[in-house]
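Undergrad: Got a structure for you, questions after.
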Amino acid sequence: MRAQLFRYFAKELRKRKKKTALVTFAITWGTLSILLLMSFGRGLSNSFRISFKGLGDNLIMVYRGQTSKDYHGLPKGRRIMIYPRDIALLSALIPEIGLVSPESNDYFMITAAGRETNRNVCGVGPAFGVMRSMIAESGGRFINEEDERTARRVAFIGWNMAENLFPGENPVGRTIVISRVPFTVIGVMKKKLQNSSYQGFDADHAYIPHSTFSRIHTQLYIDRIHVQPKRREDNQLVERRIREILGRKYRFDPEDDYALGIWNTIEQAEEAEKGFRGVEIFLAIIGGLTLLIGAVGVTNLMYALVKERTREIGIKMALGARRRHIILQFLLETVFIFSKGMFWGAAVAYAIVRLTRLVPISYELSGIQTYLLRPIFSLDILVIFLAILGTLVFLSGIFPAVRASRLNPVEALRYE
Amino acid sequence: MIEMERISKVYRMGEVRLEALKEISLRIEAAEFISIMGPSGSGKSTLLNIIGCLDTPSGGSYFLEEKNVAGLGFDELSTVRNRKIGFVFQNFNLLPYATTYENIELPMLFNGRSGKRRRERVRELLEMVGLVEWQHHRPSELSGGQQQRVAIARALANDPSLILADEPTGNLDSKTGEEIMGLFVKLQGQGRTILMVTHDTHIASYSQRTIQLLDGRIV
Ligand SMILES: Nc1ncnc2c1ncn2[C@@H]1O[C@H](COP(=O)(O)OP(=O)(O)OP(=O)(O)O)[C@@H](O)[C@H]1O
Ligand SMILES: [Mg+2]
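Line by line, the protein sequences give chains A and B. Heads up: the first sequence is residues 304 to 719, going by this note's numbering. Heads up: the second sequence is residues 2 to 220, going by this note's numbering.
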């Protein structure tokens with residue numbers, strides 16, 4: 304095919320811009336809405352995943368409880384306490400346990416640099432930071448084994464507390480006073496999303512070694528044990544073994560769900576993951592259906608574009624156009640119109656996603672905006688979309704084009 | 002130039018069978034100017050379309066410049082139309098969004114004439130039909146007579162030996178019609194063969210020979 308003919312096709316297309324504007328707009332709109340649907344959907348489930356990890360998604364928490372069943376002559380309603388030595392017992396008897404840490408907490412008056420605030424102080428083991436995905440801002444660290452063993456007076460604090468006590472300053476190395484005992488700040492927690500919590504969000508807390516906590520607090524029992532199995536699959540096994548071992552020691556029925564409070568985030572995360580996948584699949588199906596409807600509409604518009612040019616096709620045939628000239632012209636126009644529409648749709652979608660991500664979100668509020676304002680424009684979505692749309696272009700372009708080329712010149716010339 | 006032997010054309014519309022042309026035999030020499038007349042529905046356009054290779058006959062044989070056209074496929078017929086035949090229609094049939102210049106140039110784009118030769122040819126034709134000043138206008142900005150002159154220039158683009166015109170003056174007033182006939186006479190003078198369908202005996206008087214059609218037969 305000769306270059307001059309391509310130039311002529313391009314010229315015709317330019318002159319027919321207004322007529323093709325509707326199709327171009329339809330394709331732009333379709334591309335835009337599907338890409339936004341996929342981007343925001345992906346962002347939504349991604350934010351869910353991240354905030355699940357905020358609490359830790361690989362964690363079993365064991366609380367104190369109260370029996371709800373009689374057991375070997377013992378009445379129901381007995382309080383079951385857990386103590387620091389139970390931790391050693393559990394790690395010794397359950398080889399599937401990877402990390403374990405006690406946690407006790409209470410509210411204390413904290414003062415620093417002339418400021419005073421009443422905050423939750425948690426006594427935790429060194430493994431706690433890893434289990435709860437608490438990462439220190441650079442220049443700081445979490446509580447370590449040495450801190451725990453020698454009951455050092457050191458504190459790791461949430462970013463909110465850091466901001467309150469030392470606004471605009473680096474708290475690491477500074478002193479805070481908890482219940483009249485001075486502590487050195489060793490690290491500040493990096494910001495993270497968290498969608499589930501107990502007793503407030505991590506950002507507001509101070510963390511100190513559990514051994515140190517026992518010295519400033521009078522309680523002998525611990526509030527919680529955090530357990531992380533070596534392998535996620537073992538979470539139910541570990542949960543059952545904890546109930547059996549502590550049940551034997553404190554004499555309660557391992558089947559008694561209230562004797563110990565157990566919060567298995569692994570099980571919960573697995574349930575949630577099914578939900579996220581469900582949402583993504585649902586959105587993909589909606590997107591696919593939308594695309595299909597759009598394709599039918601666009602094919603119709605393409606047919607209309609060809610149909611209104613029937614007479615013109617007849618004229619060109621009379622002047623010596625071959626079949627391939629007719630097909631090629633319509634195919635090129637389809638490709639061009641689609642490329643233009645898809646380019647603008649993708650560009651606008653990308654811009655919207657980027658702009659939305661610029662909106663600052665508050666990690667404390669953990670409100671709806673954290674889920675809506677972090678869409679993800681990913682390459683794989685775009686590639687899949689372009690592949691599907693490319694096929695549709697070909698189909699919606701080739702049928703009208705071939706039909707046009709099969710027209711009888713006399714009939715085409717007579718078309719009104 | 003044209004040799005037709007027992008050409009017939011049958012249209013089938015469901016059960017109804019309509020014989021638009023009934024065993025037409027025809028011989029036309031080069032550089033003849035012939036008008037085709039006959040009542041409406043007698044098959045004039047059908048005959049012209051078959052001669053112009055826009056349509057294929059249901060039976061019979063047709064030689065155009067000694068070439069058997071009957072067995073040719075669509076693209077081969079396109080080439081014949083492009084090289085040998087120029088069409089002039091009653092309703093002009095110009096491309097609405099192309100300028101005068103572009104309309105005249107179009108037939109040359111389908112056979113790959115070089116850009117320089119195309120420009121020269123379009124200029125030549127614009128001068129011949131007297132539309133040099135109108136070359137950048139679209140058909141909608143031209144009068145009927147001007148549009149028909151563009152159509153004639155376009156029909157001549159590839160220097161065809163045969164001009165087919167289906168009621169070329171049908172949409173024009175009589176004065177403009179005479180001007181168009183003046184052009185046709187000039188074309189015949191250049192040695193081209195002209196076949197023209199018309200209802201107007203005065204217009205027909207410009208031709209040397211008239212073929213009368215009635216009910217698909219020559220009378
Ligand atoms: N595509 C078609 N399908 C069916 N019948 C057709 C078709 N084209 C033409 N005819 C019929 O064939 C006959 C000849 O038609 P044609 O157009 O050749 O007449 P004509 O002499 O050109 O008439 P007019 O002077 O009105 O233009 C008419 O009866 C017409 O109805
Ligand atoms: Mg007719």
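Just so you know, even glycine gets a beta-carbon here, dropped at the ideal spot from N, CA and C. Given the structure is predicted, the values throughout are model-derived calculations rather than measurements.
Enumerate, from N- to C-terminal direction, the unbroken alpha helix (DSSP H) stretches of 4 or more residues contained entirely within the segment 307 to 344 of chain A.
TA: You should have found no qualifying run.
Undergrad: Less than 8 Å between C-beta atoms, sequence neighbours within five positions excluded: which residues of the same chain meet that for L107 (chain B)?
TA: Closer than 8 Å at Cβ, skipping near neighbours: L96, A99, R155, A158.
Undergrad: Chain A partners of T80 (chain B), CB-CB under 9 Å?
TA: In chain order: G623, R625.
Undergrad: Assuming M412 (chain A) and E406 (chain A) are in contact, meaning their beta carbons sit under 8 Å apart, how far apart are those beta carbons, in whole angstroms?
TA: At roughly 20 Å, the Cβ-Cβ gap does not stay under 8 Å, so M412 (chain A) and E406 (chain A) are not in contact.
Undergrad: By DSSP, does I618 (chain A) sit in helix, in strand, or in coil?
TA: Of the three classes helix, strand and coil, the one that applies to I618 (chain A) here is helix, per DSSP.
Undergrad: Can you pull the chain A residues whose beta carbon is under 8 Å from the beta carbon of N172 (chain B), in chain order?
TA: By Cβ distance, chain A contributes nothing, its closest Cβ being about 15 Å from N172 (chain B), past 8 Å.
Undergrad: For S62 (chain B), which option in B:M5, B:A31, B:R84, B:I105 has the closest C-alpha, if you only look at C-alpha atoms?
TA: Comparing Cα-Cα distances from S62 (chain B) to each of B:M5, B:A31, B:R84, B:I105, the minimum goes to B:M5.
Undergrad: Residues of the segment 142 to 170 of chain B in Cβ contact with chain A at a cutoff of 7 Å, in chain order, please.
TA: Flagged: no residues at all.
Undergrad: Using a Cβ-Cβ cut-off of 6 Å (strictly less than) and excluding sequence neighbours within five positions of G145 (chain B), which residues of its own chain qualify?
TA: Answer for G145 (chain B): N172, L173, listed in chain order.
Undergrad: Taking any Cβ of chain A, which residues in the segment 91 to 106 of chain B have a Cβ under 7 Å from it, in chain order?
TA: The segment 91 to 106 of chain B vs chain A, Cβ under 7 Å: N94, L96, Y98.
Undergrad: Check the C-beta distance from V651 (chain A) over to I330 (chain A) and give it rounded, since I have them as a contact under 8 Å.
TA: That pair is no contact at about 12 Å.
Undergrad: Quick one: list the residues of chain A neighbouring N50 (chain B), beta-carbon separation under 7 Å, in chain order.
TA: Per Cβ cutoff of 7 Å: V713.
Undergrad: On a CA-only basis, which of A:F641, A:L658, A:S348 is nearest A690 (chain A)? Give me that one, please.
TA: When only C-alpha atoms are compared, the closest one is A:F641.
Undergrad: Please list, in chain order, all residues with a C-beta atom less than 5 Å from at least one heavy atom of ligand 1.
TA: Spelled out in chain order, the answer is B:Y12, B:A21, B:S41, B:G42, B:S43, B:G44, B:K45, B:S46, B:T47.
Undergrad: Please compile the residues from chain D whose C-beta is within a distance smaller than 7 Å of the C-beta of L55 (chain B).
TA: The question asks about chain D, but that chain is absent: this structure's protein chains are A and B.
Undergrad: Beta-carbon separation of I86 (chain B) and P140 (chain B) under 7 Å?
TA: No, the pair does not count as a contact, with Cβ atoms beyond the cut-off.
Undergrad: Quick one: what does DSSP say N361 (chain A) is sitting in, helix, strand or coil?
TA: Correct three-state label for N361 (chain A): coil.
Undergrad: Along the chain, which unbroken stretches of the alpha helix (DSSP H) at least 4 residues long are found entirely within the segment 484 to 526 of chain A?
TA: The segment 484 to 526 of chain A contains these whole alpha helix (DSSP H) runs: 513 to 519.
Undergrad: Nearest to E66 (chain B) by alpha carbon, out of B:A31, B:F88, B:K45, B:N112?
TA: Residue B:A31 is the option with its Cα nearest to E66 (chain B).
Undergrad: Relative to the alpha-carbon of I588 (chain A), which residue among A:S394, A:G344, A:G471 has its alpha-carbon at the smallest distance?
TA: I588 (chain A) has its Cα closest to that of A:G344, out of A:S394, A:G344, A:G471.
Undergrad: Locate the beta strand (DSSP E) running through D251 (chain A), then write down its first and last residues.
TA: The structure shown does not extend to residue 251 (chain A), since chain A spans only 304 to 719, so no value can be given for it.
Undergrad: Taking just the CA atoms, how far does G442 (chain A) sit from D389 (chain A)?
TA: Looking at the two C-alpha atoms, the distance is approximately 34 Å.
Undergrad: So which residues on chain A does D76 (chain B) lean against when the C-beta distance must stay under 9 Å?
TA: Ordered by position in chain A, the residues that pass the 9 Å Cβ test against D76 (chain B) are R625, R626, R627.
Undergrad: What are the boundary residues of the beta strand (DSSP E) that I37 (chain B) is part of?
TA: Residues 34 to 38.
Undergrad: Give me, in chain order, the residues of the same chain whose beta-carbon lies closer than 6 Å to that of E440 (chain A); leave out the 5 immediate sequence neighbours on both sides.
TA: Excluding positions up to five away in sequence, the list reads V491, K493.
Undergrad: Could you name each continuous beta strand (DSSP E) segment of 3 residues or more that falls completely within the segment 159 to 191 of chain B, going from the start of the chain to the end?
TA: Within the segment 159 to 191 of chain B, the complete beta strand (DSSP E) runs of at least 3 residues are 163 to 167.
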